[in-house]
Structures are given as structure tokens and as C-alpha cells.
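In terms of UniProt numbering, the sequence shown opens at residue 1 and continues consecutively.
Virtual Cβ for every residue (Gly too), placed ideally from N, Cα, C.
These numbers come from a predicted model, not from an experiment.
Reading through the C-alpha cells given below for one structure.
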Amino acid sequence: NGTSELQLERMSVYFNEASGNKYVPRAVLVDLEPGTMDAVRAGPFGQLFRPDNFVFGQSGA
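Structure below.
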């Protein structure tokens with residue numbers, strides 16, 4: 001649940017601290033289909049990721 005000392009100490013392994021004491025996942029999302037990335041962005045977790053961490057092709061494979 002993110003409240004133990006060990007979990008809080010290891011936050012930087014998976015997250016970068018942004019302004020306002022918010023944490024952003026350390027991730028790069030890659031897909032050849034832009035529609036897949038649009039679905040992730042529109043989903044419940046889409047706002048967690050930085051927009052420049054989405055990498056996609058111009059057309060499907």
C-alpha cells in the first residue's frame with residue numbers, strides 16, 4: 001500500500017519525483033500502432049505517464 005519505510009525508500013527505483021510531491025512512473029511505452037497508445041492515454045492510468053514517454057509508429061504493422 002506504499003506506507004512502509006522500505007517501500008517509500010525504494011520509490012525512486014520505479015518512479016521519478018515531479019513537482020508538487022507527485023511521482024511519475026519511469027517507463028517508455030512503445031508500439032507501432034498509434035491507436036494503442038491513444039487507448040492507454042484515455043484510460044484510467046493514462047495521466048500517470050509523461051506525454052514524451054509514448055513512442056509509436058505512424059501506421060500499424
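How many angstroms separate the CA atom of A27 from the CA atom of G57? Using only the alpha carbons, I get a separation of about 17 Å.
Less than 8 Å between the C-beta atoms of L29 and F49, yes or no? Against a cut-off of 8 Å, the Cβ pair of F49 and L29 comes out as a contact.
Per DSSP, what kind of secondary structure is A27 in: helix, strand or coil? In the structure shown, A27 sits in coil (DSSP, three-state: anything other than H, G, I, E or B).
Can you say whether M11 is buried or exposed, counting buried as having 16 or more other CB atoms within 10 angstroms of its CB? M11 comes out exposed.
From the DSSP output, read off the bridge partner residues of F56. DSSP, once it has assigned bridges, lists D31 as partnering F56.
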